[in-house]
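Take a look at the structure below.
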Amino acid sequence: MNSEPSLENSINKLQRMGGVIAVIGVILGAVMAMGNSDQFFHAYLYGYIFWVCLTLGCLGMTFLHHAIRGRFGIPVIRIFEAGGSSVNLILMAILFIPILMGSSHLYPWANADLVSSTEALKYRSGFMNTGGVGLRTGIYFAMWALGSHLIHKWSLDLDASGSPQIAAYRTSLGCAGLVFYFLTCSFAFTDWVMSLEANWYSTIYGAWFITGSVLLATAFTTLLMTRWHKHEPYRSVIDMKLDFTLWRDLGNLILTMVMFWAYTSLSQFLIIWSGNIREEITFYLERNQGAWLIVGTFLICGQFFFPFLCLLSGKTKKSPGWRLSSLAIWIIIMRMVDIAWIIIPSYSKAHNVFSIPVLLAYAGSFLGIGGIWLVTFTTRLKSAPVLPAYAVLVEESLGHA
Amino acid sequence: METELSQEEKKALLQIASPSQHFVEGEKNYEIVTEQIGSMVLNQKKHGIPWFVAFFIGFVLLNVLMASVGWLLYKGVGVWGINIPSAWGADIINFVWWIGIGHAGTLISAILLLARQQWRNSINRFAEAMTLFAVMCAGLYPLLHTGRPWVAYWLFPYPNILGAWPQFRSPLLWDVFAVSTYMTVSAMFWFVGLVPDLALLRDRTSNKVVRFILGIAALGWRGSAKHWYRYEISYLILAGLSAPLVLSVHTIVSFDFAVSQIPGWHTTIFPPYFVAGAVYAGFAMVLILMIPIRAWYNLKDLITMKHIDWMAKIMLTTGLIVFYGYIMENFIGLYSGNKYEMAIVYNRWCGPYRVAYWGLIFCNGLAPQILWFPKVRANVKWLWASSLVVSIGMWLERYVIIPVSLTRDFLPSSWGYYTPSFWDWAMFLGTIGLFTFLIFLFTRFLPIINIFEVKDLLHRERGHHAHDGDNEQPLEQAKVPVLAEK
Amino acid sequence: MASTIYGMVAEFKSESQILNAAKKTKAEGYNRVEAYTPLPVHGLAEIIGLDIKDTLLPWIIFLAGVAGLVGGFGMEWWVSVIEYPLNVGGRPLLSWVQFIPVAYECTILAAAGAAVVGMFALNGLPRPHHPIFNAKRFERASNDRFFLCIEAADAKFDSKRTAAFLSTLDALSVSEVED
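Written as structure tokens, this is what we have:
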């Protein structure tokens, strides 16, 4: 127990860091976007989408873990639960309000001139409008927060009581939650991101975004674990018997998601490229020119080939060494680039992104929202034991059998 | 930080949180496993009336296939119901249906191996065989649809006196590569898995002719530790290659439709949704075959209810993904504001094929929801029936995708209606016959369960108890060694 | 009938016994040792000793995959750009996006072929006959018995002493194998 404070220290350190980052980010964002509301909202949406992806990725992994009662998630489930916690979801719901307020700076459907001149937007206007998006987003967040709250509560209750009834509850909720999660996330990302394009639509969009979110959440958790595994209580559990498989499992999960990301991206690109239909091809036309072409090419290499080749070798997945932790950081950076590649070109006509002040505004928004997120995340992480007692007990019994 | 629990609480907790890890039931040791599975090949008397009935049905339908192929070759593809605007019909529907069924085999053998799901060990051989036979049935359709199957080799790129080359931008050519690669790799994977078992049967049989044939087929496998070492590396890498391969095959099949511009075909969800649908149909077919066979051959302690339960769960999961695909198709169709996209949604719901559409929603989307209930998954009759419903649903899905889009495209003047002809149905029945025929030949002449992998599973589950019942005693240390008699 | 000796073989009942026996045999100083088992026994090959041939396979497969990829894409490029250029819907001759599927399948096919052929070739199979099949009761090596063979080619091999040594290892039987 004597090394226990050390994990607490690390979490506290992360929390303080979050606080500092938040202050820096808010100031930076405010200064850089001062007097330019377009720039402010563009940067804000980018930062928001990144962190909401992480939140939802964690929520998805929480549902998945409880649904399949998998072994691999035992040491990390509390991190996922904290990342996708009801507190974080409520935070993200509140942070969505500025987007609604600035929708006319962001979305073509909130721009009256564009709506009256574009056939598709006119048709959609009953569905895609500030009130509708706000209402739907509110409902999604309320449901997610409820699901997240219940499953976390049952997870804790199970530790305390070991009641089979509760174990069955959380499994059922995990399954139902997953089904619901897939649908709502697809609809939500349609509202939040896909609708940045006036005409474009793609049916794989939800799956594409969910894959990216889960990839981000897994990389984030892997990074934390590579930092914290030496502290109690992680150390004793990991040393006991999970050692080799934990890192291999996390590595393989990242590998799977990287491959699935490549698969969904390629499918979408190949189909749209081949069809070459006017409404659809615009999405890729905007992104296949100038600097964005370089960013896109970089993404193919950096978010697929590089991590794929790294993770194919057993070395990376063997231990929580510098290989795995740097790869996790790399993936997080790639997610930042990818989300930028998806969002920014949709309104790149408004301003040139590749200039220092604009980039600083984006960085400010990213850090500002992220800092607050880290504070709520760590608060939540500290509120419960970091290991699910019942699952550890089961592992022990299997280990001795 | 851990809460202290009483002994009783701990016990209850362990029972629920750690479901029994055993996938091999009953009294077992290596010899019993060998006898139970191997005797199906070596003792031909084990095959009773059910085998003959099933084989006979397969044989009769195989003759229907022969007749319909013969008639097709004599008359031409006009005997099928296809015509402009529906130049694709039952042939492609059945092609996609069959190739989808094959996917469960690769999923079970490769993906579950990579996911370290050891329970796959007792069902993978059978599922892989199913893959091979399903791909054979699938391959027949495009081959015959070319009209001149005897020049099918034109599909491959090779220098020829015509000076022509295949068109690499066509998804139909991608299909040629995907399906032939799939067939080849599946066959290799299957054979590699078979070699140690063939060696076992070779060593066990008393019939000289059988031993000679098996001796050749087993390639002289002798179970050397180093051979096993390389064997396992090779097998694992083969699994690692087969898993993305199986995804790519149905993805490419979906590209046949999706890279075109036809509304209802050109949609980006197609690749993952086709793959999920393939696995869905495949697991349904595995269950349809496995449930009776495990009863006929007394394999219930190797293919346990737990296997069945897992397969049902995978079927439910993939079914939900397919259902998600339907929802996204409709949602985005309505969201798009594109009148052709909206027209296809309308045509599916209320157009001339609406019965098929609502039938598929019922069969694929609603009916399988009963699998949520553990009681249904524990009841083989219900499970068998729902697998059949899923198979029908998956056929309807392809039926809805293909003619609805083809007969209702951009210009009303080119609309039409598609009805499969007598020979379409005859050929479909015929391929079912071919499939049944091959499956039951396989059941009789090759071990349908991987013997050495079941032993491996037994060893993992029971440790040294895997040798219970083997009472031979070791030599006493002081005793003079028994040397080979000169 | 004069015959040479291939080796001395001991028969065991279980995985743990043969692992134990293999360890002791190596510790005793025997180097030309081979084990025959009905199923893969983890760690056995490592005890007996791995050589270069055992680490080669993943590399062979990887290189074959790369060759398949380059070959497949190269073929598509050569056919579509050099040998038989066709304009299809105004798409570029080098439509790399649409060349991915075939190049991918070629990669898998080449790698999988290398995995199978490479494995059998490195194992020296097919080889219809091998002296070890002369061992007594060897027909059970594929069923439920585990055999350990010390080959006569081993420098330390001596029929009597080797047999005496093997019989101390809890073997079910020990016998000589003719070549």
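Residue numbers (the numbering used here), protein chains in the order written: chain A, 126 to 526; chain B, 206 to 691; chain C, 36 to 214.
Glycine included, each C-beta is placed from N, C-alpha and C at the ideal position.
Buried versus exposed call for residue i [16 or more other C-beta atoms within 10 Å across all chains shown]
| i | result |
| --- | --- |
| A:W447 | exposed |
| C:H164 | exposed |
| A:Q290 | exposed |
| C:P120 | exposed |
| A:G376 | buried |
| C:N122 | exposed |
| A:L512 | buried |
| B:R603 | buried |
| B:N326 | buried |
| B:R582 | buried |
| A:G489 | buried |
| A:P482 | exposed |
| C:K48 | buried |
| B:Y346 | buried |
| C:E211 | buried |
| A:F430 | exposed |
| C:V209 | buried |
Beta-carbon spacing of residue i, residue j below 8 Å
| i | j | result |
| --- | --- | --- |
| B:T472 | A:T328 | yes |
| A:W279 | A:S135 | no |
| A:G287 | A:S311 | no |
| A:P533 | A:E411 | Chain A is shown from 126 up to 526; residue 533 of chain A falls before or after that span and cannot be answered. |
| A:W398 | C:V137 | no |
| B:D461 | B:P376 | yes |
| C:K232 | C:G64 | Residue 232 of chain C lies beyond the range of chain C shown here (36 to 214); nothing can be said about it. |
| B:K511 | B:W324 | yes |
| B:G344 | B:G281 | no |
| B:G638 | B:V340 | no |
| A:W176 | A:W498 | yes |
| C:D214 | C:I40 | yes |
| B:I306 | B:A481 | no |
| B:Y558 | B:V609 | yes |
| B:C568 | B:L601 | yes |
| A:M459 | A:L424 | yes |
Expected contact under 8 Å - CB spacing of residue i and residue j to nearest Å
| i | j | result |
| --- | --- | --- |
| A:A207 | A:L303 | Actually they are not in contact, since the Cβ atoms of A:A207 and A:L303 sit about 19 Å apart, beyond 8 Å. |
| A:G337 | A:C178 | 6 Å |
| C:A99 | B:L446 | That pair is no contact at about 10 Å. |
| A:W333 | A:F408 | So it is not a contact: roughly 12 Å between Cβ atoms. |
| C:L91 | C:L157 | 7 Å |
| B:V397 | B:L662 | Not a contact, Cβ separation roughly 18 Å. |
| A:G160 | A:I494 | In fact, because the Cβ distance is near 21 Å, the residues do not count as touching under 8 Å. |
| B:I313 | B:A332 | 4 Å |
| B:V594 | B:A572 | 5 Å |
beta-carbon residue i near the ligand HEM non-hydrogen atom, thresh 7 Å
| i | result |
| --- | --- |
| A:V511 | As for the ligand HEM, it is missing from this structure, which has no ligand bound. |
Taking one C-beta from the stretch 537-546 of chain B and one from the stretch 499-515 of chain B each time, how about it: are there three or more such pairs within less than 8 Å?
Not touching, per the Cβ criterion.
Closer than 8 Å, Cβ to Cβ, to anything on chain C: give me those residues from the stretch 149-164 of chain A, in chain order.
none
Chain A contacts from the stretch 127-143 of chain C (Cβ-Cβ distance under 9 Å):
S130, V132, Q133, I135 and P136
What residues in the stretch 534-559 of chain B have a beta carbon less than 7 Å from any beta carbon of chain A?
E534, I537, Y540, S541, G542 and N543
Give the residues from the stretch 462-480 of chain B that approach chain A closer than 8 Å (Cβ to any Cβ), ordered along the chain.
A463, V464, S465, Q466, H471, T472, T473, I474, F475, P476 and P477
Quick one: which residues of the stretch 379-406 of chain A get their C-beta closer than 9 Å to a C-beta of chain C? List them in chain order.
Flagged, chain order: L391, F394, L395, W398, S399 and N401.
Taking Cβ-Cβ distances below 9 Å as the criterion, which residues of the stretch 135-149 of chain A are in contact with chain B?
none
Between the stretch 653-669 of chain B and the stretch 237-252 of chain B, do at least 3 Cβ pairs fall closer than 8 Å?
yes
The stretch 157-167 of chain A / the stretch 236-256 of chain A touching (three or more Cβ pairs under 8 Å):
no
Residues of the stretch 445-458 of chain B in Cβ contact with chain A at a cutoff of 8 Å, in chain order, please.
Identification of residues in the stretch 445-458 of chain B having a C-beta nearer than 8 Å to some C-beta of chain A yields P449, L452 and T456, given in sequence order.
Name, going along the chain, the residues of the stretch 328-348 of chain A whose beta-carbon falls closer than 8 Å to a beta-carbon of chain B.
T328, I329, Y330, G331 and A332
Against chain B, which members of the stretch 239-263 of chain A pass a CB distance test of less than 7 Å?
E244, A245, Y248 and R249
Scan the stretch 515-527 of chain B for residues whose Cβ lies nearer than 8 Å to a Cβ of chain A and list them as they occur along the chain.
Correct list: L525.
If the cut-off is 9 Å on Cβ atoms, which residues from the stretch 154-173 of chain C count as contacting chain B, listed in chain order?
Within the stretch 154-173 of chain C, the qualifying residues are M154, F155, L157, N158, G159, L160, P161, R162, P163, H164, H165, I167, F168, N169, A170, K171 and F173.
Contacting positions in the stretch 417-431 of chain A - beta carbon closer than 9 Å to chain B:
Residues: none.
Is it the case that the stretch 248-268 of chain B contacts the stretch 403-419 of chain B, given that we only count it when at least three CB pairs across the two stretches are under 8 Å?
Short answer: they don't touch.
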